[in-house]
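One structure is given below, encoded as structure tokens.
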Amino acid sequence: MSLIVFFGVNVIGDPVDMLINPEADQAEIERTIRALGLDKPIHEQYLYFLKGIGSGDFGKSFIFGEPALKLILHHMPATIELALVSLIMAIILGIPLGLYAGLFPERRSSRLIMAGSILGFSLPTFWVGLMMIMLFAVHLGWLPSTGRGDTAVFLGIESSLWTRDGLSHLFMPALNLALTNISLVIRLTRAGVREAMHQDYIKFARAKGLHPRRVIGVHLMKNILIPIITVLGLEFGSLMAFSVVTESIFAWPGMGKLLIDSLLQLDRPVVVAYLMIIVLFFVVINLVVDILYSVLDPRVRLKDQGS
Amino acid sequence: MSVLSVSGLKTHFFTRDGVVRAVDGVDFELDRGEVLGLVGESGSGKSVTGFSLLGLVDPPGKVVEGNILFCGQDLTTASQQHMQELRGSRIAMIFQDPMMTLNPVLRIDTQMIEAILAHEKLPRKVAWTRARDGLAQVGIPSPEQRLRAYPHQLSGGMRQRVAIAIAFLNNPDLLIADEPTTALDVTIQAQIVHVAQTLCRERGTALIWITHDLAVVAGLADRIAVMYAGRIVEAGATDQIIDHPRHPYTVGLLGSVPSANRRGQRLAQIPGMTPNMLSLPNGCAFQERCTRGDELCRGDVDATFDEAGGYVRCFHPHGSEAGA
Chain A
0 MSLIVFFGVN
10 VIGDPVDMLI
20 NPEADQAEIE
30 RTIRALGLDK
40 PIHEQYLYFL
50 KGIGSGDFGK
60 SFIFGEPALK
70 LILHHMPATI
80 ELALVSLIMA
90 IILGIPLGLY
100 AGLFPERRSS
110 RLIMAGSILG
120 FSLPTFWVGL
130 MMIMLFAVHL
140 GWLPSTGRGD
150 TAVFLGIESS
160 LWTRDGLSHL
170 FMPALNLALT
180 NISLVIRLTR
190 AGVREAMHQD
200 YIKFARAKGL
210 HPRRVIGVHL
220 MKNILIPIIT
230 VLGLEFGSLM
240 AFSVVTESIF
250 AWPGMGKLLI
260 DSLLQLDRPV
270 VVAYLMIIVL
280 FFVVINLVVD
290 ILYSVLDPRV
300 RLKDQGS
Chain B
0 MSVLSVSGLK
10 THFFTRDGVV
20 RAVDGVDFEL
30 DRGEVLGLVG
40 ESGSGKSVTG
50 FSLLGLVDPP
60 GKVVEGNILF
70 CGQDLTTASQ
80 QHMQELRGSR
90 IAMIFQDPMM
100 TLNPVLRIDT
110 QMIEAILAHE
120 KLPRKVAWTR
130 ARDGLAQVGI
140 PSPEQRLRAY
150 PHQLSGGMRQ
160 RVAIAIAFLN
170 NPDLLIADEP
180 TTALDVTIQA
190 QIVHVAQTLC
200 RERGTALIWI
210 THDLAVVAGL
220 ADRIAVMYAG
230 RIVEAGATDQ
240 IIDHPRHPYT
250 VGLLGSVPSA
260 NRRGQRLAQI
270 PGMTPNMLSL
280 PNGCAFQERC
290 TRGDELCRGD
300 VDATFDEAGG
310 YVRCFHPHGS
320 EAGA
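Written out as structure tokens, the structure reads:
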């Protein structure tokens, strides 16, 4: 992976052209190239890079002169915050709506929900984002359209979740980012409910005289949560990695924004470090999903106690 | 007084293609501790009859007519709330596939204790003890351990035992067993039948055993009702039905049971297929497959009762050739 990324980024273009003052003379250009280590052959650069990774050094940003890793970590909380909030939105909006649509598929409101979810899927994020800004920020003036707002430190975490201003800044981008996932969760939940309601274990649970709340809340939910968790786990990775569009539209100072800026300026070390971190994220998320799996589904536990 | 008295029960499914009369006028009665074998092919409406009794017919199905008197009260007009109280406590049901009836992600103890606590306010500890005793009663060894197990850790026969144990947790007056042995090995079948039979006898529970297997009910049921296309075509005491079947369909069913006496002979088959429930012919639904069918069969058939309370719904029943 590091190999692909490293060489791939090299192909895009020469950062020196972007970095150097147009009036610089040849000697100055030479000096810059040498300072950035770009005079060495690419395989040597790669080995040097690998050696750096070993000690947690992804190289320095060409633009800011700071370590790339530090730069990314600095932008990461904003993105995590955004991704987390939109994930939570997807869960608390998607599951109840999907449950409703699955339990009462004939009702008009259910059809409306499903139609809405198709829109959520198919409308491009950037367009919805712009429309939201038009409506809520420009016309109604309810919510601010750009930036992260005030942050505060609570429990040792600096986040805009703890201030009113921060929350009002967070709401629109988070909803925008969540839209696809809300639709996805609605569809998954509905499909799961529709399938599971005809299973014998649901009928048996009802035949035991259990309250419908328990039949749905425990017997049904525990079964349909398994696919939902899988998808949401993977989606969380994508939310982090590809919040680029939303962050650009709402000028959210997160990793995605940093990535776009770095790409435009051919700031190689930052791009490479960013991609490496995203890879790491996906691996970790998959691990967490697997662990959640075994909590939910006893059949995937390797070894069970008590038998 | 009889535990259950069903009269004129009709459960129809209102599908896009038309009305399916899954159950179309079923009558039977059941006394305390009595075992009724409800026999029929797939799609004859026997399972739907069972679900109708519990009030668990899912849309687009609906009980449209008839009465279900359970201990004197009519279940067709009972409230949802009341039905929920009855289910699992006074009327219990077990299903065909034990692999599917227990929730795969919940432990056995959870599934048993919730069934007790749904109907009685008890400390968990007491409920747990009752669950353990329940497992012991259906012949499950080391019940304490099994309580902590998940369904997938048990064999099919074990699971069906657990299902039976759950059904008996609240001492029901009526147990509906919907083909509980169909998915099991023959040796296990006999054990399950034995367990259910013993428990019913001990506690005076009336039992409706739904099956397509006449051999199973022959040894189990006091009375047999044979269903075809949503109606009971013949009912009577088990011996009567097995030894002197009168409806041509019953005769056909019995003829298609392999037996040692007829070794080497060709197994009899009922010609044709189960009728399309969307377009049943007028009159007797069996007429097209029947060797005795004629114009008369297109008219409405009334049940002819015999002295013992059995009845047959046929214009040309076996055993009455002299009169016909």
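Here the protein sequences line up with chains A and B, keeping their order.
Just so you know, the first sequence maps onto residues 0 to 306 in numbering that gives the first Met the number 0.
Just so you know, the second sequence maps onto residues 0 to 323 in numbering that gives the first Met the number 0.
By construction, the Cβ of each residue, glycine as well, lies at the ideal position given by its N, Cα and C atoms.
I'd like the list of long-range same chain contacts for Asn102 (chain B), defined as Cβ closer than 8 angstroms, with 5 residues on each side in sequence excluded. For the purposes of this step, residue 102 (chain B) is identified with residue 103 of the second sequence, where counting begins at 1. Here the set comprises Gln110 and Pro150.
Integer-rounded CB distance, given that Ile93 (chain B) should sit under 8 angstroms from Asp30 (chain B): The count along the second sequence starts at 1 and reaches residue 30 (chain B) at position 31. The count along the second sequence starts at 1 and reaches residue 93 (chain B) at position 94. That belief does not hold up - the Cβ atoms of Asp30 (chain B) and Ile93 (chain B) are roughly 21 angstroms apart, past 8 angstroms.
Where does Gln72 (chain B) land, buried or exposed, given buried means 16+ other C-beta within 10 angstroms? The residue given as residue 72 (chain B) occupies position 73 in the second sequence. Its Cβ having fewer than 16 others within 10 Å, Gln72 (chain B) is exposed.
Selection of the segment 202 to 216 of chain A by Cβ proximity to chain B, strictly under 9 angstroms: Lys202, Phe203, Ala204, Arg205, Ala206, Lys207, Gly208, Leu209, His210, Pro211 and Arg213: these are the residues of the segment 202 to 216 of chain A whose beta carbon lies less than 9 angstroms from some beta carbon of chain B, given in chain order.
With a threshold of 6 angstroms on Cβ separation, who are the neighbours of Ile215 (chain A) within its own chain once the five nearest residues in sequence on each side are excluded? Here residue 215 (chain A) refers to the residue found at position 216 of the first sequence. Closer than 6 angstroms at the Cβ level, and outside the excluded window around Ile215 (chain A), lies no residue.
Return the CA-CA distance between Ala214 (chain B) and Val38 (chain B), expressed in angstroms with no decimal places. The residue labelled residue 214 (chain B) in the question sits at position 215 within the second sequence. The residue labelled residue 38 (chain B) in the question sits at position 39 within the second sequence. So the alpha carbons of these two residues sit roughly 10 angstroms apart.
Within 10 Å of its beta-carbon, does Gln25 (chain A) have 16 or more other beta-carbons around it, so buried, or fewer, so exposed? By 1-based counting over the first sequence, the position of residue 25 (chain A) is 26. Exposed: under 16 other Cβ atoms inside 10 Å.
Of all the residues that make up the segment 278 to 301 of chain A, which are near chain B by a beta-carbon distance shorter than 7 angstroms? Going along the segment 278 to 301 of chain A in chain order, one finds Leu295, Asp296, Pro297 and Arg298 with a Cβ nearer than 7 angstroms to chain B.
Measuring only the C-alpha atoms, how far is Ala190 (chain A) from Asp108 (chain B)? The residue you call residue 190 (chain A) lines up with position 191 of the first sequence. The residue you call residue 108 (chain B) lines up with position 109 of the second sequence. Taking the straight line joining both Cα atoms gives about 29 angstroms.
For Gln159 (chain B), collect the residues of the same chain with a Cβ closer than 7 angstroms to its Cβ; drop the 5 residues on either side in sequence, then sort them by chain order. Along the second sequence, read from residue 1 onward, the residue named residue 159 (chain B) stands at position 160. Here the set comprises Pro97, Pro179, Leu183 and Ile191.
Same chain, Cβ closer than 7 angstroms to Gln268 (chain B), five either side skipped, listed in chain order: Along the second sequence, read from residue 1 onward, the residue named residue 268 (chain B) stands at position 269. Excluding residues within five positions, the ones whose Cβ falls inside 7 angstroms are Ser255.
Which residue wins for smallest C-alpha separation from Ile79 (chain A), given the options A:Ile223, A:Val288, A:Ala240 and A:Lys207? What you label residue 79 (chain A) is simply residue 80 of the first sequence in a count that begins at 1. It is A:Ala240.
Measuring CB to CB, does Leu295 (chain A) end up less than 9 angstroms from Leu224 (chain A)? Locating residue 295 (chain A) in the first sequence gives position 296, where the first residue counts as 1. Locating residue 224 (chain A) in the first sequence gives position 225, where the first residue counts as 1. In this structure, Leu224 (chain A) lies closer than 9 angstroms to Leu295 (chain A) by Cβ.
From the beta carbon of Tyr99 (chain A), is the nearest beta carbon of chain B less than 9 angstroms away? Within the first sequence, residue 99 (chain A) is the residue found at index 100, counting from 1. In terms of beta-carbon proximity, Tyr99 (chain A) stays away from the interface with chain B, with every pair separated by 9 angstroms or more.
Three or more C-beta pairs closer than 8 angstroms, one from the segment 197 to 211 of chain A and one from the segment 76 to 95 of chain A: is that the case here? Here the segment 197 to 211 of chain A does not lie against the segment 76 to 95 of chain A, with fewer than 3 beta-carbon pairs under 8 angstroms apart.
For chain A, check one thing: does any of its Cβ atoms lie closer than 9 angstroms to the Cβ of Tyr149 (chain B)? Counted from its first residue, the second sequence places residue 149 (chain B) at position 150. Tyr149 (chain B) counts as touching chain A.
For a contact meaning CB atoms closer than 7 angstroms, what does Ser88 (chain B) contact in chain A? Start at 1 with the first residue of the second sequence, and residue 88 (chain B) comes out as number 89. Those within 7 angstroms of Ser88 (chain B) in chain A are Gly208.
Which residue or residues does DSSP assign as beta-bridge partners of Thr237 (chain B)? On the second sequence, residue 237 (chain B) is found 238 positions in, with the first residue counted as 1. None; Thr237 (chain B) has no bridge partner.
Taking its Cβ as the centre, do 16 or more other Cβ atoms sit within 10 Å of Gln286 (chain B), making it buried, or is it exposed? Taking the second sequence and counting its residues from 1, the one referred to as residue 286 (chain B) is at position 287. Classification of Gln286 (chain B): buried, given that the 10 Å Cβ count is 16 or more.
Residue-chain proximity (Glu105 (chain A), chain B), Cβ-Cβ < 9 angstroms: If you number the first sequence from 1, residue 105 (chain A) lands on position 106. Yes, its Cβ sits closer than 9 angstroms to a Cβ of chain B.
Phe13 (chain B) CB to nearest chain E CB: under 9 angstroms? Absent from the structure is chain E; the protein chains it does hold are A and B.
By the three-class DSSP mapping on this structure, what secondary structure does Thr109 (chain B) have? Counted from its first residue, the second sequence places residue 109 (chain B) at position 110. Helix, per DSSP.
With DSSP collapsed to three states, give me the class of Ile337 (chain A). There is simply no residue 337 (chain A) to check, as chain A begins at 0 and stops at 306 in what is shown.
Span separating the alpha-carbon of Ala135 (chain B) from that of Gln95 (chain B): Position 136 of the second sequence, counting from 1, holds the residue named residue 135 (chain B). Position 96 of the second sequence, counting from 1, holds the residue named residue 95 (chain B). Spanning the two alpha carbons is a distance of roughly 22 angstroms.
Helix, strand or coil, according to DSSP, for Arg175 (chain A) in the structure here? For this step, residue 175 (chain A) is matched to residue 176 along the first sequence. Here residue 175 (chain A) is Asn; the residue named in the question, Arg, does not match the sequence. DSSP, read as helix, strand or coil, puts Asn175 (chain A) in helix.
Counting along the chain, where does the beta strand (DSSP E) carrying Lys9 (chain B) start and finish? Within the second sequence, numbered from 1, the residue matching residue 9 (chain B) stands at position 10. Its beta strand (DSSP E) spans residues Leu3 to Thr14.
Do we get a CB-CB distance below 9 angstroms when we pair Asp266 (chain A) with the residues of chain B? The sequence position of residue 266 (chain A) within the first sequence is 267, counting from 1. So no, Asp266 (chain A) is outside the interface.
Local conformation of Ile228 (chain A) per DSSP, three classes: Translated into the one-based positions of the first sequence, residue 228 (chain A) becomes position 229. In the structure shown, Ile228 (chain A) adopts helical secondary structure according to DSSP, grouped into three states.
With distance defined between alpha-carbon atoms, name the residue in B:Ala91, B:Asp238, B:Val62 and B:Gln83 nearest to Gly44 (chain B). In the second sequence, counting from the first residue as 1, residue 44 (chain B) sits at position 45. A check of alpha carbon separations from Gly44 (chain B) across B:Ala91, B:Asp238, B:Val62 and B:Gln83 identifies B:Val62 as the nearest.
Looking at the structure shown, is Arg31 (chain B) part of a helix, part of a strand, or coil, going by DSSP? Residue numbering aside, residue 31 (chain B) sits at position 32 when the second sequence is read from its first letter. Note: Arg31 (chain B) maps to coil in three-state DSSP.
For chain A, check one thing: does any of its Cβ atoms lie closer than 9 angstroms to the Cβ of Met92 (chain B)? Within the second sequence, numbered from 1, the residue matching residue 92 (chain B) stands at position 93. It does: the Cβ of Met92 (chain B) has a partner Cβ on chain A nearer than 9 angstroms.
Kindly indicate if chain B contains any beta-carbon less than 9 angstroms away from that of Gln198 (chain A). In the first sequence, the residue the question calls residue 198 (chain A) occupies position 199. Under the 9 angstroms criterion on CB atoms, Gln198 (chain A) is classed as interfacial with respect to chain B.
Determine the chain A residues that contact Val22 (chain B) at a beta-carbon separation under 9 angstroms, and present them in chain order. Mapped onto the second sequence, residue 22 (chain B) falls at position 23. Residues of chain A passing the Cβ test: none, with the nearest at roughly 17 angstroms.
Please check if any C-beta of chain A sits within less than 9 angstroms of the C-beta of Val131 (chain B). Your numbering for residue 131 (chain B) matches position 132 in the second sequence. It should be noted that the sequence gives Arg, not Val, for residue 131 (chain B). At a cut-off of 9 angstroms between C-beta atoms, Arg131 (chain B) does not count as an interface residue with respect to chain A.
Have a look at the DSSP bridge pairing and note the partners of Leu68 (chain B). Here residue 68 (chain B) refers to the residue found at position 69 when the second sequence is read from its first residue. Note: Leu68 (chain B) sits in a beta bridge opposite B:Ser4 and B:Asp73.
Interface residues of the segment 220 to 250 of chain A facing chain B [CB-CB below 7 angstroms]: Those would be Lys221 and Asn222, in chain order.
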